[in-house]
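Report on one structure; see the data block that follows.
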Amino acid sequence: MMSSSSLAAALLSSVVEEHHHSSAKVTVVGTGQVGMAAAFAMVTQGIVSELALIDMVETKLRGEMMDLQHGQAFLRTVKVQASTDYAVSKGSKICVVTAGARQNEGESRLALVQRNVEIFRTMIPQLVKYSPDTILVIVSNPVDILTYVAWKLSGLPRNRVFGSGTMLDSSRFRFLISERLNIAPQSCHGYIIGEHGDSSVAVWSSVNVAGTRLADIKSNIGKPDDPENWEQVHRDVVSSAYEIIKLKGYTSWAIGIMVSTLCNAIMKNQRMIYTLSTLAQGFHGITEEVFLSLPVVIGEGGITSILNQNLSADEARKISESAKTLHQVVIGVKI
Amino acid sequence: MEATTLADQLLVRIAEEHDHASAKVTVVGVGQVGMAAAFALMTQGVVSELALVDVVADKLRGEMMDLQHGQAFLRTVKVVASTDYAVSKGSKICIVTAGARQKEGESRLELVQRNVEIFKFVIPNLMKYSPNCILVIVSNPVDVLTHVAWKLSGLPQNKVIGSGTMLDSSRFRFLISERLKIAPQSCHGYIIGEHGDSSVAIWSAVNVAGTRLQDICPQIGTSSDPENWEQIHKDVINSAYEIIKLKGYTSWAIGIMVSALCNAILKNQKFVYTLSTLAKDYHGIKEEVFLSLPVVVGESGVTAVFNQKLSEDELEKIKQSAKTLNGVISGVKM
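Chains A and B, in that order, give the protein sequences. Take the first sequence: its position 320, counting from 1, is numbered 1128 in my numbering, and each next residue is one higher. Take the second sequence: its position 158, counting from 1, is numbered 194 in my numbering, and each next residue is one higher.
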């Protein structure tokens, strides 16, 4: 790196020292497909003024950083840094965690979780060390378990640690509903809550378009006796990830958009409602200390409220079961 | 499905839907570059409709689904994908990122010929379904392939544009901004000519707020410059090789270039970018070649070429660039 340029000194007279890091700084841990899709979505949408990338492989990190920097003349992101050293994350408003081990063939879910706990044990305290006021957004799977683990390891209050959870499931749900109705997904409102996984719960009772509940037009919507088989929409959501992985090897773009949207909501204190993985104890009869997705209000302080959603008896039962399943995994984990 | 579905009960139709949106863009090639471009176009709300075309159906479908699943949070209305070019019908812009990569020991001319064969299939198919489109060529070697695309398409030359040195100029501005510690947006500089080793950095035009760096440092960019600003241009040329070595390929920056270019076209912005265009008769170039010059770009493609004042040395270099490119294009069998 060149020392201070004398041309620079001749061109610009300094008036005051530069501010060390901007207030809209986000760190992304993990520069795999998900991490980079999230990073790219954030810079193309002008959501962050400063981005830090952290991972374990220096060459990849540097390559990704340079590739983002080279587009900067056309973007609103001011600074992109990358390092294997967590010090680069200093002063982050949000830390997005996408890093983690993937399931080995024949590996039990609990074994996978334990491997990821070891990784988080190094990572989480470092992030909190350099950004004690940060908000932790966990994306790594299984997201509900790992968000719980991150919360325990971080010592942060529960409103500042949450997982991307079923934000993506809900987005898929709305897209698939929109395809059937031939209108924009933005105008189709529907929520999937609970585990981000096979036991997620589609809240059919509140699926609506312009306030008109689909369940009011069609009382058996989402049920097995529905001749239009709307339940297939939820099944398709659950199998989406598997299908995309089979077709292109991994998923990236949609989850990248979720992360970007979420970070924007936090940065701008938007108070949007998204289904995110949060401490669910005390809701819908859940007694266990587990994290799973519920509709929450998100802003600068993280999760500030949880929606008291009206669930049908069946939906409430399902989410209770989701909680029990997750709790079984959590109690087997050595944190 | 029953005759009266929930959809019918919910919404009363009063008019036929429009076939496709007016801001439709097709991306041919869903590799790293094509998908970075597609994702940037979507996250920046540049397109209302996006079509992806490639030869592998599974990968196409997977990419399409992955983009669609984020749609509730974006402004893009429709994402379609197919190995059948009919899916590209009615595109305002067709972006070509498809093409073979250089094999070990393969000559540049051999690589070009392989890509010409691919273009002989791609270009006429695109023209068949979107005869009024603008072609944006990204595949390398971009200057030669833009020329090839122009010949194969039958389009007027202003409607066939190569991404060219738009990326080089972006890298140039970033590296200058690092030395001056100000935003790259406030550093203005242009690299023209071949998108490759013989590109030409126009040091005489590099400026910040209208102040030419050359006025402060007359040897800037020359070998007698004690601050060695010439290294910046060398770093630009090496950038792609370096990033490929580090992460395997480049994607994000070129994706951003394509998105910015499409935005300029669709919104008739009339920005000046350095893009690969027919350069005959500029700067004393006699050959019919495509190489990058600063051009004005809008809804009809390239509408004007900037009459840039070049130094003797820069003129010499760009004529050399043109000769090199002419050597390649004359060896190509269309």
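Glycine residues also receive a C-beta, built at the ideal position from the N, C-alpha and C atoms.
Check	Outcome
Selection of the region 1076-1090 of chain A by Cβ proximity to chain B, strictly under 8 Å	none
Cβ-based contacts, 7 Å cut-off: residues of the region 83-107 of chain B near chain A	D94, K95, R97, G98, E99, M101, D102, L103, Q104, H105, G106, Q107
Three-state secondary structure assigned by DSSP to M1062 (chain A)	The amino acid occupying residue 1062 (chain A) in the given sequence is Ala; Met does not appear at that position. Residue state, collapsed to three classes: helix.
Identity of the residue in A:V1045, A:V1105, A:W1061 nearest G843 (chain A) by Cα	A:W1061
Simplified DSSP assignment, three categories, for F981 (chain A)	helix
Distance between Y285 (chain B) and A72 (chain B) (C-alpha atoms, nearest Å)	12 Å
Spatial neighbours of Q68 (chain B) in its chain, beta-carbon cut-off 7 Å, leaving aside the 5 residues before and after	Y285, S287
Secondary structure of M1080 (chain A), DSSP reduced to three states	strand
Interface flag, K283 (chain B) vs chain A, CB-CB below 8 Å	yes
Interface residues of the region 237-259 of chain B facing chain A [CB-CB below 7 Å]	V244, T247, L249, I252, C253
Cα-Cα separation between M100 (chain B) and S900 (chain A), rounded to whole angstroms	33 Å
Proximity of C298 (chain B) and V83 (chain B) at Cβ, strictly below 8 Å	yes
M1113 (chain A): first and last residue of the uninterrupted beta strand (DSSP E) it sits in	Before going on, a small fix: residue 1113 (chain A) reads as Ser here, not Met. Run containing S1113 (chain A): 1110-1114, per the beta strand (DSSP E) assignment.
Reduced DSSP secondary structure (H/G/I, E/B, other) of M810 (chain A)	Here M810 (chain A) scores only 43 on pLDDT, less than 50, and its place in the model is too uncertain to base an answer on.
Complete alpha helix (DSSP H) runs within the region 1007-1042 of chain A (minimum length 4 residues, chain order)	1022-1025
Identity of the residues DSSP links to V1105 (chain A) by a beta bridge	A:I1081, A:S1113
Reduced DSSP category for C903 (chain A) - H, G, I as helix; E, B as strand; rest coil	strand
Euclidean distance between Cα positions of L171 (chain B) and N274 (chain B)	27 Å
Residues near N243 (chain B) in its chain [Cβ-Cβ closer than 6 Å; skip 5 each side]	H224
Top-ranked residue by Cα proximity to L1119 (chain A), from A:E1003, A:Y999, A:T1086	A:Y999
F326 (chain B), buried or exposed, once every other Cβ within 10 Å from all chains shown has been counted against 16	buried
Residue environment, I1053 (chain A), which counts as buried when at least 16 other CB atoms sit within 10 Å	exposed
For L861 (chain A) and M809 (chain A), the rounded distance between their alpha carbons	A caution first: M809 (chain A) carries a pLDDT of 41, below 50, which makes its placement in the model too unreliable to give a value.
S962 (chain A) to C903 (chain A) span [Cα, whole Å]	12 Å
Beta-carbon contacts of A289 (chain B) that lie in its chain and below 8 Å, excluding the five residues immediately before and after	L203, S206, R207
Cα-Cα separation between G871 (chain A) and A817 (chain A), rounded to whole angstroms	30 Å
Three-state class that DSSP yields for T112 (chain B) in the structure shown	coil
Neighbour list for T867 (chain A) in chain B, Cβ cutoff strictly below 7 Å	L282
Continuous beta strand (DSSP E) stretch holding K139 (chain B): start and end	Careful: K139 (chain B) lies outside any beta strand (DSSP E) and carries neither H nor E.
Buried/exposed call for Q107 (chain B), threshold 16 Cβ in 10 Å	buried
Cutoff 8 Å: P1103 (chain A) Cβ touching any chain B Cβ	no
Beta-carbon gap between E85 (chain B) and A59 (chain B) smaller than 8 Å	yes
Close beta carbons around K824 (chain A), own chain, < 7 Å, minus the five adjacent residues each side	The sequence shown places Val at residue 824 (chain A), rather than the Lys named in the question. Nothing listed; no residue qualifies.
Beta carbon proximity, I912 (chain A) to chain B, threshold 8 Å	Looking at the sequence shown, residue 912 (chain A) is not Ile but Asn. Judged by the 8 Å Cβ criterion, N912 (chain A) is not in contact with chain B.
Simplified DSSP assignment, three categories, for N362 (chain B)	helix
Complete alpha helix (DSSP H) runs within the region 901-943 of chain A (minimum length 4 residues, chain order)	917-938
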